[in-house]
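Presented below is the structure to which this report refers.
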Amino acid sequence: MSTAGKSILMVDDDQEIRELLQTYLSRSGFQVHAEADGRGFRQALENTPCDLVILDVMLPDEDGFSLCRWVRQHPRQARVPIIMLTASSDEADRVIGLELGADDYLGKPFSPRELQARIKALLRRAEFGQAAPSSAVLAFDDWRLDTVSHRLFHRDGEEVILSGADFALLKLFLDHPQQILDRDTIGNATRGREPMPLDRIVDMAVSRLRQRLRDTEKPPRLIRTVRGSGYLLAAHVCCAS
Numbered sequence: 000m001s002t003a004g005k006s007i008l009m010v011d012d013d014q015e016i017r018e019l020l021q022t023y024l025s026r027s028g029f030q031v032h033a034e035a036d037g038r039g040f041r042q043a044l045e046n047t048p049c050d051l052v053i054l055d056v057m058l059p060d061e062d063g064f065s066l067c068r069w070v071r072q073h074p075r076q077a078r079v080p081i082i083m084l085t086a087s088s089d090e091a092d093r094v095i096g097l098e099l100g101a102d103d104y105l106g107k108p109f110s111p112r113e114l115q116a117r118i119k120a121l122l123r124r125a126e127f128g129q130a131a132p133s134s135a136v137l138a139f140d141d142w143r144l145d146t147v148s149h150r151l152f153h154r155d156g157e158e159v160i161l162s163g164a165d166f167a168l169l170k171l172f173l174d175h176p177q178q179i180l181d182r183d184t185i186g187n188a189t190r191g192r193e194p195m196p197l198d199r200i201v202d203m204a205v206s207r208l209r210q211r212l213r214d215t216e217k218p219p220r221l222i223r224t225v226r227g228s229g230y231l232l233a234a235h236v237c238c239a240s
C-alpha cells in the first residue's frame with residue numbers, strides 16, 4: 000500500500016525510540032509526530048487528526064491504557080487504529096490493552112521492520128472498510144452496523160464504539176450467519192501475530208465482542224460457543240436502508 004500522506008501519532012518517553020521510529024517510518028513515506036508524555040499526546044490528537052496511533056504503556060504522567068480508553072471515546076478519532084508498545088512480558092498487560100480497544104500489541108524490544116508491517120496491515124484493513132458500498136448497513140437482532148463508517152447502533156439508540164479488530168470480527172460473523180467459524184478462521188480475520196496461543200487470542204476477541212453486543216447471558220444468546228468446533232452467530236442478518 001502507498002504510505003504517502005499517512006500520518007502517525009506516537010507517544011513514548013524514550014527519546015531514542017522516538018527518534019529511531021521517526022527516522023525509520025519517515026523514510027517509508029509516513030508523516031510521524033512524536034510526543035514524550037500523555038499530556039503532549041492529548042494536545043496533539045486534539046489539534047491534528049491522524050491515521051494511526053502508537054501508544055507506549057509506561058509514561059511519566061499517565062499510562063497508555065488510559066490514553067487508549069480516551070482515544071476510543073474521542074468524538075472524532077474513536078476509530079483510529081491503535082498499536083500499543085510495552086516492555087512488560089506480562090500477558091495481563093496485553094489483555095488489558097486489547098480489552099480497551101487496541102488493535103495490535105508489540106513487546107519491547109521490537110524490530111522497526113515488524114512494527115512497520117503491522118502499521119501497514121492495520122491501515123490496509125482501515126482502507127478496506129472505507130471502500131465498502133455506501134448502502135452497506137447490516138441489521139441483526141437489535142443492532143445495525145454501518146460497514147462504511149464502522150458505526151454500531153442498538154435499537155435503543157446507543158452507539159457502540161468498535162475498534163478495528165472488533166469490526167473485523169463482527170463483520171466476519173455477519174458475513175457468515177448461522178455458520179460455525181473455527182478458531183483459525185477467526186484468528187486470521189482479526190489478529191494472528193500476538194505472542195499468545197491462538198485459542199487465547201480468539202477467546203479474548205469473542206469475549207470483547209460479546210460485551211459490545213450486550214451478549215452477557217449464560218450461555219450467550221447471540222454468539223454461541225460450539226464446543227470443540229468454534230463459534231456461531233445465532234442471528235438472521237439482512238441489509239437495511
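With numbering that gives the first Met the number 0, the residue at position 144 of the sequence shown is 143, and numbering never jumps.
Each residue gets a CB set at the ideal place from its N, CA and C atoms; glycine is no exception.
Count the other CB atoms within 10 Å of the CB of residue i; is the residue buried (16 or more) or exposed (fewer)?
i, result
"cysteine 237", "exposed"
"proline 59", "exposed"
"glutamate 34", "buried"
"lysine 170", "buried"
"glycine 63", "buried"
"glycine 162", "Looking at the sequence provided, one finds serine at residue 162 rather than glycine. Serine 162 should be labelled buried."
"aspartate 141", "exposed"
"alanine 239", "exposed"
"alanine 116", "exposed"
"arginine 207", "buried"
"glutamine 42", "exposed"
"arginine 68", "exposed"
"alanine 130", "Legend: pLDDT at alanine 130 = 47, less than 50; position of this residue unreliable, no value from coordinates given."
For residue i, collect the residues of the same chain with a Cβ closer than 8 Å to its Cβ; drop the 5 residues on either side in sequence, then sort them by chain order.
i, result
"threonine 47", "Ser6, Leu8 and His32"
"arginine 220", "Asp214 and Ala233"
"leucine 173", "Leu137, Phe139, Leu144, Leu232 and Val236"
"aspartate 181", "Ser228 and Gly229"
Assuming residue i contacts residue j under a Cβ cut-off of 8 Å, what Cβ separation, rounded to an integer in Å, is found between them?
i, j, result
"phenylalanine 152", "glutamate 158", "5 Å"
"isoleucine 53", "leucine 99", "That pair is no contact at about 15 Å."
"valine 225", "isoleucine 179", "5 Å"
"leucine 51", "proline 111", "Between proline 111 and leucine 51 the Cβ distance is about 15 Å, and since that is not below 8 Å, they are no contact."
"alanine 86", "lysine 119", "With a Cβ gap of about 24 Å, alanine 86 and lysine 119 do not count as contacting."
"leucine 105", "isoleucine 82", "6 Å"
"valine 56", "aspartate 103", "Not quite, the Cβ-Cβ distance comes to about 13 Å (not below 8 Å), so this is no contact."
"leucine 121", "proline 80", "4 Å"
"valine 10", "phenylalanine 29", "With a Cβ gap of about 16 Å, valine 10 and phenylalanine 29 do not count as contacting."
In its own chain, which residues sit with a C-beta less than 6 Å from the C-beta of residue i, not counting the 5 before and 5 after it?
i, result
"arginine 71", "Ala77, Gly100 and Ile160"
"serine 134", "Because the pLDDT at serine 134 is just 48, under 50, the model does not fix this residue reliably, and the value given afterwards should be weighed accordingly. Excluding positions up to five away in sequence, the list is empty."
"glutamate 61", "Gly37"
"arginine 209", "Pro219 and Ile222"
"leucine 212", "Leu221"
"arginine 17", "Asp11 and Ala33"
"aspartate 13", "none"
"lysine 217", "none"
Skipping 5 residues on each side, what residues in its chain have a beta carbon closer than 7 Å to that of residue i?
i, result
"arginine 154", "Asp141"
"arginine 150", "Glu158"
"aspartate 202", "none"
If we cut at 8 Å on Cβ distances, does residue i have a partner in chain D?
i, result
"leucine 122", "You won't find chain D in this structure, because it holds only one protein chain."
Going residue by residue through the region 26 to 113, where are the continuous beta strand (DSSP E) segments of at least 3 residues, counting only ones entirely within it? 30 to 34, 51 to 55, 81 to 85 and 103 to 106
Unbroken stretches of the alpha helix (DSSP H), 4 residues or longer, contained in the region 153 to 190: 163 to 174 and 182 to 188
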